Amino acid sequence: MPDVVRRPRDARFILTCVGVGLLAGLLSGLFGVGGGTVIVPLLVLILSFDQRLAAGTSLAAIVPTAAIGVISYAVHGSVAWIPALLLAAGAVVGAQIGTWMLPRLSLTVLRWGFVGFLVAVIVSLFVVIPSREADLALTWLSGIALVVVGVATGILSGLIGVGGGIVVVPVLMLLFGTSDLVAKGTSLLMMIPTAVSGTIGNLRRHNVDLGAAALVGVAACTTTALGAWIATLVDPFVGNMLFAAYLVVIAVQMGLRAARGRRSS
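Take 0 as the starting number for the sequence shown in numbering that gives the first Met the number 0 and just add one per residue.
Okay, structure coming up:
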């Protein structure tokens, strides 16, 4: 019998899932990320979820959360629909490549490399301030570049489990000159087909706690729109600083994992 069936649905379980969802939804709407960087560690630390079960549950909860986020950003015209689909197509392919490469590469080296990428992004966020009027212009060249970015994002996701928004949002702002709002709305849309595809696979492997995913997802939906609304109110420079602070937390998490991996090898 899978562990997901035996897990008790007591008040602590329900309140924890709701609290995790509220926080994840706020961050998802504010930064255009899935919220997995919050959901996974909290499910593991507070509810003693297995890492894979927590990741699968988080991915399922991201589907409704991202959908609400997309709607919230779309109301302000801040979603680039076709570019998001190009990113998603590349990410689906990249995730398969990443899982194939996983047993062939050193995760410790990859994690330190990703920390280096995040440090470079954090520094650049203090230098490049996006314009709220900037759109994501779609040409043949930029279309191909978006697919490449999607593939790279999918590979990283398959290798070290990072969410797409952590990569896609800064890349769209810094390399494509997109406004911060369009970058966040487009990132959320990109996540939906990727998360649906991953959730189907996780369900087959019994790596999803549907009850927890429903609680987290529904709770997250109540704060995602709030996060997106706050994103439209803050100055782009302030938005960059908040996103940089969020990336610092992710970089520290990844650095600690890399350090633990090196000590155990």
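A virtual CB, placed ideally from N, CA and C, is assigned to each residue, including glycine. Keep in mind that this is a model prediction, so the values were computed, not measured.
V233 sits in coil when the DSSP states are folded into three classes, being neither helix nor strand. A Cβ-Cβ distance of about 13 angstroms is found for the pair L155 and V147, leaving them out of contact under the 8 angstroms criterion. If you look at T198, you'll find it in the alpha helix (DSSP H) that goes 179-203. Listed in chain order, the non-local C-beta contacts of L46 below 7 angstroms within the same chain comprise F12, T15, local neighbours out to five positions each way being set aside.
Taking 9 angstroms as the cut-off, the Cβ atoms of L188 and A83 count as close. Burial state of G142 is exposed, judged by a 10 Å Cβ sphere holding fewer than 16 other Cβ atoms. In terms of Cβ geometry, G31 and A60 do not form a close pair [threshold 9 angstroms]. A residue is called buried when at least 16 other Cβ atoms come within 10 angstroms of its Cβ; R8 does not meet this threshold and is exposed. Within its own chain, the residues whose Cβ lies closer than 6 angstroms to the Cβ of A94, once the five positions on either side in sequence are excluded, are G153, S156, G157, listed in chain order. DSSP places A90 in the uninterrupted alpha helix (DSSP H) bounded by 80-100. Taking S71 as reference, the option from V247, L180, G149 with the minimal CA-CA separation is L180. Within the same chain, Cβ atoms closer than 7 angstroms to the Cβ of C220 are found at G24, P63, T64, I67, the five residues on either side in sequence being excluded.
Leaving aside the five residues that flank A79 on each side, the residues in its chain whose CB is nearer than 7 angstroms to its CB run, in chain order, L135, V181, T185. The C-beta distance from V215 to G20 rounds to 4 angstroms, short enough to fall under 8 angstroms. In the structure shown, the three-state DSSP call for P63 is helix.
Of the candidates G226, I128, M190, the residue whose Cα lies closest to the Cα of A90 is M190. Taking 9 angstroms as the cut-off, the Cβ atoms of L29 and G226 count as close. Of the candidates G149, V69, T56, A243, A243 places its Cα closest to the Cα of A119. Of the other Cβ atoms in all chains shown, 16 or more fall within 10 Å of the Cβ of S77; this residue is therefore buried.
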